[in-house]
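Visitor:
Residue numbers (the working numbering): 87 to 253.
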């Protein structure tokens, strides 16, 4: 039940941001795309991410830490909010300018902010139907050395998993 509510909450949030699409694995688009950049997540990329869910490599971080590596499934320990929900924040610094895909095996609310606290634009969000181990994939444009803060939750889960890939 919580997963259904979380999925509805995420979809409602994306629609509120002016997103459209999203059926059958098609990306939800927010309208903040850079010309000539590739935002589609093809089957090869989904299969690649899906293999990481099962085979790793795996890492663990607490909330308020940095995700240091691409291709790693991180388990993030979230902080108890005191109301039977959990929240956390992790950061990621891009090594190159490109769209980056944030894969979530569990469908959890995630908001992206720049170092100055401004909201980062979600270029696309996909619900990969071909990989039952992936709940959602968000695509964010990042420039080299840009740090993005990812606000996670609220959720009923004490831990969530996340993986980052550069396109």
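We put the CB at the ideal spot given by N, CA and C, even for glycine.
(1) CA-CA distance, residue 253 and residue 171?
(2) Report yes or no: do three or more beta-carbon pairs, one from the stretch 214-223 and one from the stretch 148-162, lie closer than 8 angstroms?
(3) Could you give the distance in angstroms between the alpha-carbon of residue 204 and the alpha-carbon of residue 236?
(4) Quick one: what does DSSP say residue 141 is sitting in, helix, strand or coil?
(5) Leaving aside the five residues before and after residue 159 along the sequence, list all residues of the same chain whose C-beta is less than 8 angstroms from its C-beta, in chain order.
(6) Does DSSP classify residue 111 as helix, strand or coil?
(7) Which residue marks the beginning of the beta strand (DSSP E) containing residue 237, and which one marks its end?
(8) Considering only DSSP beta bridges, list what residue 191 is partnered with.
(9) Alpha carbon to alpha carbon, what distance is there between residue 184 and residue 167?
(10) Here's a check: name, in chain order, each residue in its chain whose Cβ is nearer than 6 angstroms to the Cβ of residue 226, leaving out the five neighbours to either side.
Guide: Reading from the atomic positions:
(1) Within the chain shown, residue 253 is the residue found at index 167, counting from 1. Within the chain shown, residue 171 is the residue found at index 85, counting from 1. Each residue's Cα considered, the two are about 33 angstroms apart.
(2) Fewer than three beta-carbon pairs drawn from the stretch 214-223 and the stretch 148-162 are found closer than 8 angstroms, and the two stretches are therefore not classed as touching.
(3) For the purposes of this step, residue 204 is taken as the residue at position 118 of the chain shown. For the purposes of this step, residue 236 is taken as the residue at position 150 of the chain shown. Rounded to the nearest whole angstrom, the C-alpha separation of residue 204 and residue 236 is 12 angstroms.
(4) By one-based count along the chain shown, residue 141 stands at place 55. Correct three-state label for residue 141: helix.
(5) Against the chain shown, residue 159 aligns to sequence position 73. Excluding residues within five positions, the ones whose Cβ falls inside 8 angstroms are 138, 139, 142, 143, 144, 145, 191, 247, 248 and 249.
(6) Position 25 of the chain shown, counted from the first residue, corresponds to residue 111. Note that residue 111 scores a pLDDT of 42, beneath 50, so its modelled location is shaky; the value from the coordinates is reported in the next line. If DSSP states are grouped into helix, strand and coil, residue 111 belongs with the helices.
(7) By one-based count along the chain shown, residue 237 stands at place 151. Start and end: 233-241.
(8) As a first step, residue 191 must be located in the chain shown, where it is residue number 105. Partner(s): none; residue 191 has no beta bridge.
(9) Counted from its first residue, the chain shown places residue 167 at position 81. Counted from its first residue, the chain shown places residue 184 at position 98. Roughly 34 angstroms separates the two Cα atoms.
(10) The sequence position of residue 226 within the chain shown is 140, counting from 1. 186, 198 and 206.
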